[in-house]
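Counting along the sequence shown from 1, when you hit position 23 you're at 22 in numbering that gives the first Met the number 0, and nothing is skipped either side.
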Amino acid sequence: MNFSQTPPTPPSFLCDRHAAEQTNPEEGVFLSCSCYKDQGKGLPACLHTESNCWTAGHVMAAPKKVCVIGSGNWGSAIAKIVGANAAKYDTFDSTVKMWVFEETVNGRKLSEIINTDHENVKYLPGHKLPHNVLAVPDLVETVKEADILIFVVPHQFIAKVCDTIKDHIKKDAVGMSLIKGVDAGPEGLKLISEVIRGNLGITMTVLMGANIANEVADEKFCETTIGCKDKVYGPLLKELMQTPNFRVTVVEESDVVEICGALKNIVAVGAGFCDGLGFGDNTKAAVIRLGLMEMIAFARLFCTDCAVSPATFLESCGVADLITTCYGGRNRKIGEAFAKTGKSIEQLESELLNGQKLQGPATASEVHQILKQKSMIEKFPLFTAVFEICFDGRPVTEFISCLQSHPEHM
């Protein structure tokens, strides 16, 4: 797109999102907004609400400021991608702030190490972060003036994070949750994006997929899925996230995308039990298939406000993420160690995960609470077995017997 040419006469409306969607680039009207620049034709015309999008001087909209809330293994891997793209595209402000829960590593503050050596030596060792990724130990300072907030913290801590930042964020900010988990309370199950939206009052999107953090940081080819109910934000977020080796698909079934990301961790713990007990590939494949069927059934039970399309489960957020997690993820690893050693989940987290929290058992507990409230435990024997083995003292050796009368076989 040539921005040096004389701009056309602006339309009579201001460039708010809904009016901009009426503009047809094919009719010779083009926009000045940076979100449209270099994107090609046929995309939503504008994401901006500034009244000066259309001006006689054809002024570009201000670059979007991005922050990453969380600096663990996955948060640091995502910061590597976001930092590189923010530096590459004029759409975004070049500085990406990343919130770091301050720790001391070998006598130095972790934030100081990241900002000096450009490496998260504790959670993503061996991978250099872009120099424009700024580690910030102050959460409020991290989110100040950010237009896009990327949430990558353990789901147990999201409520506290929201309470801390709710009075310090832009009202028109857009959030993206990469958090794989659910929240169960007196009113039933809530998705993490729903918790964030309810606390902060901002538009929320999600990103889920077959994305093992170290492999993403190694720039090995993979795919991911962005769930975006308001499709107008899709192109902006895809530009922020996509690289030649991190390919992005955007779908509108955001709730289904997110529920996949939570439930697959329960199945992966069960797959780990299989490995720890020495069962073969046939058994593990059966566990994965039955787990997928329970994921679909639970999504249809829970996602009542939208259609639950089987096609979404064929995206990276669905079957691909499930397979990857059941063969290479942390939940599988801990499930295997649990079956072999008999140690508690908490002890294994400390010994094998560098202190990071595991999502699978916690999600199994929250899902079990919901199923119990709805008197539907017997319809989800795999989810139930993982919960009972992790928390109720059921012998792990009984895992397969729990599946032998699965509703899928009746």
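Just so it is clear, CB atoms sit at the ideal spot from N, CA and C, and this is done for glycine as well.
All values derive from a computational prediction rather than experimental measurement.
Bridge partner(s) assigned by DSSP for residue i
{"i": "Leu-133", "result": "Lys-96"}
{"i": "Cys-412", "result": "Shown here, the chain extends from 0 to 409; a query on residue 412 therefore has no answer."}
{"i": "Glu-462", "result": "Because residue 462 is not part of the residues shown, which for the chain are 0 to 409, the question remains open."}
{"i": "Met-207", "result": "Thr-224"}
{"i": "Ser-176", "result": "Phe-150, Val-205"}
{"i": "Ala-183", "result": "Leu-188"}
{"i": "Lys-108", "result": "Thr-103"}
{"i": "Phe-91", "result": "Lys-63"}
6 angstroms CB neighbourhood of residue i in its chain, flanking five on each side removed
{"i": "Leu-300", "result": "none"}
{"i": "His-154", "result": "Ile-178, Gly-180, Ile-191"}
{"i": "Thr-5", "result": "Note on Thr-5: pLDDT 40, under 50, position unreliable in the model; the coordinate value appears next. Within the same chain, Thr-5 has no close Cβ partners at all."}
{"i": "Leu-370", "result": "Ile-376, Phe-379"}
{"i": "Asp-182", "result": "Lys-189, Val-194"}
{"i": "Ile-149", "result": "Val-67, Met-175"}
{"i": "Met-292", "result": "Glu-407"}
{"i": "Met-97", "result": "Val-67, Ser-70, Ala-78, Val-132, Ala-134"}
Whole-angstrom C-beta distance between residue j and residue i, which should lie under 8 angstroms
{"i": "His-167", "j": "Lys-143", "result": "6 angstroms"}
{"i": "Ile-195", "j": "Gly-174", "result": "6 angstroms"}
{"i": "Thr-94", "j": "Leu-133", "result": "6 angstroms"}
{"i": "Cys-305", "j": "Glu-257", "result": "With 8 angstroms as the limit, Cys-305 and Glu-257 do not qualify as a contact, their Cβ atoms being about 11 angstroms apart."}
{"i": "Val-135", "j": "Val-99", "result": "7 angstroms"}
{"i": "Asp-92", "j": "Lys-63", "result": "6 angstroms"}
{"i": "Asn-119", "j": "Ser-75", "result": "4 angstroms"}
{"i": "Ile-225", "j": "Thr-202", "result": "The Cβ separation is near 13 angstroms, so there is no contact."}
{"i": "Leu-381", "j": "Leu-276", "result": "In fact, because the Cβ distance is near 15 angstroms, the residues do not count as touching under 8 angstroms."}
Residue environment, residue i, which counts as buried when at least 16 other CB atoms sit within 10 Å
{"i": "Ser-192", "result": "buried"}
{"i": "Val-65", "result": "buried"}
{"i": "Glu-329", "result": "The residue asked about is misnamed: residue 329 is Arg in this sequence, not Glu. By the 10 Å Cβ count, Arg-329 comes out buried."}
{"i": "Pro-406", "result": "exposed"}
{"i": "Arg-107", "result": "exposed"}
{"i": "Ser-176", "result": "buried"}
{"i": "Leu-313", "result": "exposed"}
{"i": "Val-250", "result": "buried"}
{"i": "Gln-358", "result": "buried"}
{"i": "Pro-360", "result": "buried"}
{"i": "Val-104", "result": "exposed"}
{"i": "Cys-34", "result": "Below a pLDDT of 50, predicted positions are generally treated as unreliable, and Cys-34, at 41, falls in that range; no measurement from the model is reported."}
{"i": "Thr-141", "result": "buried"}
{"i": "Asn-84", "result": "buried"}
{"i": "Lys-219", "result": "exposed"}
{"i": "Pro-243", "result": "exposed"}
{"i": "Glu-365", "result": "buried"}
{"i": "Pro-185", "result": "exposed"}
{"i": "Thr-115", "result": "exposed"}
{"i": "Gly-423", "result": "Nothing in the structure corresponds to residue 423, since the chain is present only between 0 and 409."}
{"i": "Lys-283", "result": "buried"}
{"i": "Pro-309", "result": "exposed"}
{"i": "Lys-315", "result": "A small correction: the amino acid at residue 315 is Ser; Lys does not occupy that position in the sequence shown. Buried."}
Enclosing alpha helix (DSSP H) for residue i [first to last residue]
{"i": "Glu-252", "result": "Counting along the chain, Glu-252 falls outside any alpha helix (DSSP H), and DSSP gives it neither H nor E."}
{"i": "Lys-79", "result": "72–87"}
{"i": "Cys-316", "result": "It is not in any alpha helix (DSSP H) - Cys-316 carries neither H nor E in the DSSP assignment."}
{"i": "Ile-344", "result": "344–351"}
{"i": "Cys-401", "result": "Element bounds for Cys-401: n/a, residue is neither H nor E."}
{"i": "Gln-358", "result": "358–372"}
{"i": "Met-294", "result": "280–301"}
{"i": "Thr-141", "result": "138–142"}
{"i": "Ile-168", "result": "It is not in any alpha helix (DSSP H) - Ile-168 carries neither H nor E in the DSSP assignment."}
{"i": "Val-215", "result": "212–216"}
{"i": "Ala-145", "result": "Per DSSP, Ala-145 belongs to no alpha helix (DSSP H) and is neither H nor E."}
{"i": "Cys-389", "result": "380–390"}
{"i": "Glu-377", "result": "Premise fails: Glu-377 is in no alpha helix (DSSP H) and is neither H nor E."}
{"i": "Thr-311", "result": "309–312"}
{"i": "Pro-394", "result": "Taken as a continuous stretch (DSSP letters only), Pro-394 belongs to no alpha helix (DSSP H), as it is neither H nor E."}
Own chain partners of residue i with C-beta closer than 7 angstroms, once the 5 adjacent residues on each side are dropped
{"i": "Met-409", "result": "none"}
{"i": "Gly-317", "result": "Cys-259, Thr-311"}
{"i": "Gly-392", "result": "none"}
{"i": "Leu-109", "result": "Val-99, Glu-101, Glu-102, Lys-121"}
{"i": "Leu-236", "result": "Met-175, Thr-204, Ile-225, Cys-227"}
{"i": "Cys-273", "result": "Thr-282, Lys-283, Val-286"}
Same chain, Cβ closer than 8 angstroms to residue i, five either side skipped, listed in chain order
{"i": "Ile-287", "result": "Val-266, Ala-270, Leu-321, Ile-322, Cys-325"}
{"i": "Pro-394", "result": "Ile-388"}
{"i": "Val-139", "result": "Thr-163, Ile-164, His-167"}
{"i": "Phe-278", "result": "Ile-399"}
{"i": "Ala-319", "result": "Gly-208, Ala-209, Glu-222"}
{"i": "Ile-344", "result": "Ile-333, Phe-337, Leu-357, Pro-360, Cys-389"}
{"i": "Lys-373", "result": "Leu-300"}
{"i": "Glu-348", "result": "Ile-333, Gly-354, Gln-355, Lys-356, Leu-357"}
{"i": "Thr-248", "result": "Glu-222, Thr-223, Thr-224, Ile-225, Glu-314, Ser-315"}
{"i": "Ala-86", "result": "Ser-93, Pro-129, Asn-131"}
{"i": "His-117", "result": "Lys-127, Leu-128, Pro-129, His-130, Val-132"}
The beta strand (DSSP E) enclosing residue i, as first and last residue numbers
{"i": "Ile-68", "result": "63–68"}
{"i": "His-187", "result": "Residue identity check: residue 187 is Gly in the sequence provided, not His. 187–190 is the span of the beta strand (DSSP E), which, as asked, contains Gly-187."}
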